[in-house]
Amino acid sequence: MANHDIGQVRRTRGGAATLGRRVFAVAVVTTAAIASTTGTALAADGSGGSYPPQPSGGSPAGSTHHKKHKAHKASHHVKLPKELKKIAMCESGGNPRAVSPSGRYRGKYQFDMETWHSLGGHGDPAKAPEWYQDKLALKLYRERGTAPWPNCA
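Numbering (this note's numbering), first residue to last: 20 to 172.
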């Protein structure tokens with residue numbers, strides 16, 4: 020077998036195909052290059068990282084930032100009062116992607132944009148992770164009770 024034959028696979032003494040290793044190496048390098056040029060990075064769990072989006076910049080495992088990020092991820096679970104769960108079911112059927120027919124009210128708790136931003140929300144509530152919507156709804160509930168949801172309280 021000639022080294023220049025297209026479609027031929029050169030085998031090593033152990034019998035493993037070197038072409039397969041080369042293709043894999045090229046795929047890894049290409050993926051890394053695309054991710055670095057687009058600024059794209061996914062967390063190990065596929066979530067895309069924290070919310071709201073943070074400035075990019077690598078942090079080696081074991082760094083202070085890495086430890087804070089792990090603690091932040093652990094805090095994503097928000098314990099909700101029964102009343103707030105009831106409001107979410109009434110407002111959107113518990114759907115974090117819900118949008119009212121007019122488009123004015125968005126997300127699991129049907130936030131309007133003014134309220135969402137006043138609570139520190141970023142972007143569209145209906146596109147925010149559910150845990151983030153829960154967190155801001157809990158903040159609003161603690162500040163104002165059920166008043167922001169007059170039809171569902």
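For each residue, glycine too, the CB sits at the ideal point set by N, CA and C. Owing to the predicted nature of the structure, the values given are computational and were not obtained by experimental measurement.
- Query: What did DSSP end up calling R163 once you bin it into helix, strand or coil?
  - Reply: Here residue 163 is taken as the residue at index 144 of the sequence shown, counted from 1. Helix, per DSSP.
- Query: What is the rounded straight-line gap between the Cα of C171 and the Cα of P148?
  - Reply: Taking the sequence shown and counting its residues from 1, the one referred to as residue 171 is at position 152. Taking the sequence shown and counting its residues from 1, the one referred to as residue 148 is at position 129. Roughly 22 Å between the two C-alpha positions.
- Message: Residues in the same chain with beta-carbon distance under 6 Å from L155, minus the five sequence neighbours each way, listed in chain order, please.
- Response: Within the sequence shown, numbered from 1, the residue matching residue 155 stands at position 136. Closer than 6 Å at the Cβ level, and outside the excluded window around L155, lie L138, G140.
- What does DSSP give as the partner residues of R125 in its beta bridges? Position 106 of the sequence shown, counted from the first residue, corresponds to residue 125. Answer is V118, F130.
- Query: What are the boundary residues of the alpha helix (DSSP H) that C109 is part of?
  - Reply: To locate residue 109, count along the sequence shown from 1; it is residue 90. That run of the alpha helix (DSSP H) goes 101-111.
- Message: Distance check for D153 and V97, CA to CA, integer angstroms please.
- Response: In the sequence shown, residue 97 corresponds to position 78, counting from 1. In the sequence shown, residue 153 corresponds to position 134, counting from 1. Between V97 and D153, the C-alpha separation is close to 7 Å.
- Query: Taking the alpha-carbon positions, what's the E162 to E110 distance?
  - Reply: Numbered from its first residue, the sequence shown carries residue 162 at position 143. Numbered from its first residue, the sequence shown carries residue 110 at position 91. Near 19 Å, if we compare the C-alpha coordinates of E110 and E162.
- Query: What does a CB cutoff of less than 7 Å around D131 pick up in its chain, not counting 5 residues either side in sequence?
  - Reply: For the purposes of this step, residue 131 is taken as the residue at position 112 of the sequence shown. Counting only Cβ-Cβ distances below 7 Å, and skipping sequence neighbours, we find R123, Y124.
- Task: Can you grab the Cα-Cα spacing for the pair M108 / A117, in whole Å?
- Result: For the purposes of this step, residue 108 is taken as the residue at position 89 of the sequence shown. For the purposes of this step, residue 117 is taken as the residue at position 98 of the sequence shown. Using only the alpha carbons, I get a separation of about 11 Å.
- Message: Just to confirm my understanding: we take L99, look at its own chain, exclude 5 residues before and 5 after, and list those with CB closer than 7 Å. What are they?
- Response: The count along the sequence shown starts at 1 and reaches residue 99 at position 80. Same-chain partners within the cutoff: D153, L157.
- By DSSP, does K98 sit in helix, in strand, or in coil? Here residue 98 is taken as the residue at index 79 of the sequence shown, counted from 1. It is coil, neither helix nor strand.
- Task: Report the three-state DSSP secondary structure of W168 (helix, strand or coil).
- Result: For the purposes of this step, residue 168 is taken as residue 149 along the sequence shown, with counting starting at 1. DSSP places W168 in coil when its eight states are reduced to three.
- Item | Option nearest A145 by Cα separation, candidates H136, K101, Q129 | Along the sequence shown, read from residue 1 onward, the residue named residue 145 stands at position 126. Ranking the options by Cα distance to A145, first place goes to Q129.
- Message: Give me the residue from G164, P71, K105, L159 with the minimum Cα distance to T134.
- Response: Numbered from its first residue, the sequence shown carries residue 134 at position 115. Of G164, P71, K105, L159, the residue nearest in Cα terms is L159.
- Query: Relative to the C-alpha of P115, which residue among T165, H136, Y151 is closest?
  - Reply: In the sequence shown, residue 115 corresponds to position 96, counting from 1. Of the listed residues, the one whose Cα sits closest to P115 is Y151.
- Task: Find out if the Cβ-Cβ distance for the pair G14, K127 is shorter than 8 Å.
- Result: Here the chain comprises residues numbered 20 to 172, so residue 14 is not present and cannot be evaluated.
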